[in-house]
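K.L.:
Its first residue numbered 1, the sequence shown is counted upward by one per residue in the UniProt record's numbering.
The structure under discussion is supplied below as structure tokens; questions concerning it will follow.
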Amino acid sequence: MPQGQPSVVPDDGLTTRQRRNRPLVVVHTGVGKGKSTAAFGLALRAWNQGWPIGVFQFVKSAKWKVGEENALRVLGASGEGGSVDWHKMGEGWSWVQRDQQMDNEEKAREGWEQVKRDLAAETYRLYVLDEFAYPMHWGWIDTDEVISVLRDRPGTQHVVITGRNAPEKLVDFADLVTDMSKVKHPMDAGQKGQRGIEW
1 MPQGQPSVVP DDGLTTRQRR NRPLVVVHTG VGKGKSTAAF GLALRAWNQG
51 WPIGVFQFVK SAKWKVGEEN ALRVLGASGE GGSVDWHKMG EGWSWVQRDQ
101 QMDNEEKARE GWEQVKRDLA AETYRLYVLD EFAYPMHWGW IDTDEVISVL
151 RDRPGTQHVV ITGRNAPEKL VDFADLVTDM SKVKHPMDAG QKGQRGIEW
């Protein structure tokens, strides 16, 4: 286990072990590439620990073939690590025509209601809420409610939220926040996404 020392030891009454094992809210935001990829990297670590994992995709189309989905489903079914459930919540909400917005808002809310039920039941040890920052940013899901639910979640459930424009309140609340910034991207030179890199 890594032996890094924290720069601050709070006076919170917790033992080192209790503090080390407390559940985290993690946010990957920013305009750079790699937010979901980093979250799926955490899912691989969780799988290796034998944790049950729930992936909830909130924006990417249910029709897209996502490479991480296939890999994590195979690993989850292998019986060697944790289980993996993959939930697709929408039809590409950030790329659809705005006249479809009402249906997409409803799907986002249905997805969030399912996450709330699973948190209450302690269904998973790790939740990947992929692109969940978008429904909050667009006002489809109330950020204050999300924070309240996450603050009061039982057990030792870790939650990772990805997506651009994560609300400031969520960033302030989270335990770990990474802002992915773009320095350079092939799209800047007119190159579209490619197999094995973007999917």
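We put the CB at the ideal spot given by N, CA and C, even for glycine.
1) Ignore the nearest five residues each way along the sequence and tell me which others in Gly13's own chain have a CB closer than 6 angstroms to its CB.
2) Under a three-way DSSP split, which group does Asp172 fall into?
3) Assuming Asp175 contacts Val8 (C-beta within less than 8 angstroms), just tell me the rounded distance between them.
4) Rounded to whole angstroms, what is the Cα-Cα separation between residue 205 and Gly190?
5) Does the distance from the C-beta atom of Glu131 to that of Gln57 stay below 9 angstroms?
6) Could you pull the DSSP bridge partners for Lys88 from this structure?
7) Which first and last residues belong to the beta strand (DSSP E) in which His158 is found?
8) How would you write the range of the alpha helix (DSSP H) that His137 sits in, first residue to last?
9) Helix, strand or coil, according to DSSP, for Pro6 in the structure here?
10) At the level of alpha carbons, what is the spacing between Ala71 and Gln194?
11) Can you round the beta-carbon distance between Leu126 and Ile53 to whole angstroms, since I take them to be within the 8 angstroms contact cut?
12) For Ala120 and Met89, which I take to be in contact (beta-carbon distance under 8 angstroms), what is that distance rounded to the nearest angstrom?
13) DSSP on Asp11, reduced to helix/strand/coil?
14) To the nearest angstrom, how far is it from the Cα of Thr37 to the Cα of Arg73?
15) Cβ of Val31 within 9 angstroms of Cβ of Trp199?
16) Enumerate in chain order the residues of its own chain whose CB-to-CB distance from Ala133 is below 8 angstroms, with the five nearest sequence positions on each side excluded.
17) Starting from Asp130, trace the beta strand (DSSP E) both ways and give me its first and last residue.
18) To the nearest whole angstrom, what separates the beta carbons of Glu105 and Trp140, a pair I think is in contact under 8 angstroms?
19) Label Ala46 either buried or exposed according to how many other C-beta atoms from any shown protein chain fall within 10 Å of its C-beta, with 16 as the threshold for buried.
20) Under three-state DSSP, which class holds Thr37?
21) Identify the continuous beta strand (DSSP E) that holds Thr29 and give its terminal residues.
P.N.:
Judging by the given coordinates:
1) Along the sequence shown, read from residue 1 onward, the residue named residue 13 stands at position 13. There are no such residues.
2) By one-based count along the sequence shown, residue 172 stands at place 172. It is helical.
3) The sequence position of residue 175 within the sequence shown is 175, counting from 1. The sequence position of residue 8 within the sequence shown is 8, counting from 1. 13 angstroms between Cβ atoms; not a contact.
4) Not covered by the structure: residue 205. The range shown for the chain is 1 to 199.
5) In the sequence shown, the residue the question calls residue 131 occupies position 131. In the sequence shown, the residue the question calls residue 57 occupies position 57. Yes, the Cβ-Cβ distance between Glu131 and Gln57 is below 9 angstroms.
6) Translated into positions along the sequence shown, residue 88 becomes position 88. BP columns for Lys88 point to Gln57.
7) Position 158 of the sequence shown, counting from 1, holds the residue named residue 158. Counting along the chain, the beta strand (DSSP E) containing His158 begins and ends at His158 to Thr162.
8) As a first step, residue 137 is located in the sequence shown; it is residue number 137 there, counting from the start. Its alpha helix (DSSP H) spans residues Ala133 to His137.
9) As a working note, residue 6 is residue 6 in the sequence shown. Three-state result, Pro6: coil.
10) Counting from 1 along the sequence shown, the entry for residue 71 is found at position 71. Counting from 1 along the sequence shown, the entry for residue 194 is found at position 194. Those two C-alpha atoms are separated by around 18 angstroms.
11) What you label residue 126 is simply residue 126 of the sequence shown in a count that begins at 1. What you label residue 53 is simply residue 53 of the sequence shown in a count that begins at 1. Leu126 to Ile53, Cβ: 5 angstroms. Contact.
12) Sequence index remark: in the sequence shown, residue 120 carries index 120 (1-based). Sequence index remark: in the sequence shown, residue 89 carries index 89 (1-based). That pair is no contact at about 18 angstroms.
13) Start at 1 with the first residue of the sequence shown, and residue 11 comes out as number 11. Residue state, collapsed to three classes: coil.
14) One-based indexing of the sequence shown puts residue 37 at position 37. One-based indexing of the sequence shown puts residue 73 at position 73. The straight-line gap from Cα to Cα measures roughly 16 angstroms.
15) Stepping through the sequence shown from its first residue, residue 31 is reached at position 31. Stepping through the sequence shown from its first residue, residue 199 is reached at position 199. For Val31 and Trp199, no; Cβs fall outside 9 angstroms.
16) In the sequence shown, the residue the question calls residue 133 occupies position 133. The residues are Val27, Thr29, Ile161, Thr162, Gly163, Arg164, Asn165, Ala166, Pro167 and Leu170.
17) Mapped onto the sequence shown, residue 130 falls at position 130. First-last of the beta strand (DSSP E) with Asp130: Leu126 to Asp130.
18) Reading the sequence shown from its first residue, position 105 is the one you call residue 105. Reading the sequence shown from its first residue, position 140 is the one you call residue 140. The Cβ separation is near 5 angstroms, so the contact holds.
19) Position 46 of the sequence shown, counting from 1, holds the residue named residue 46. It counts as buried.
20) Start at 1 with the first residue of the sequence shown, and residue 37 comes out as number 37. The answer is helix: DSSP assigns Thr37 an H, G or I state.
21) Reading the sequence shown from its first residue, position 29 is the one you call residue 29. Looking at the DSSP string, the run of the beta strand (DSSP E) that includes Thr29 is Val25 to Thr29.
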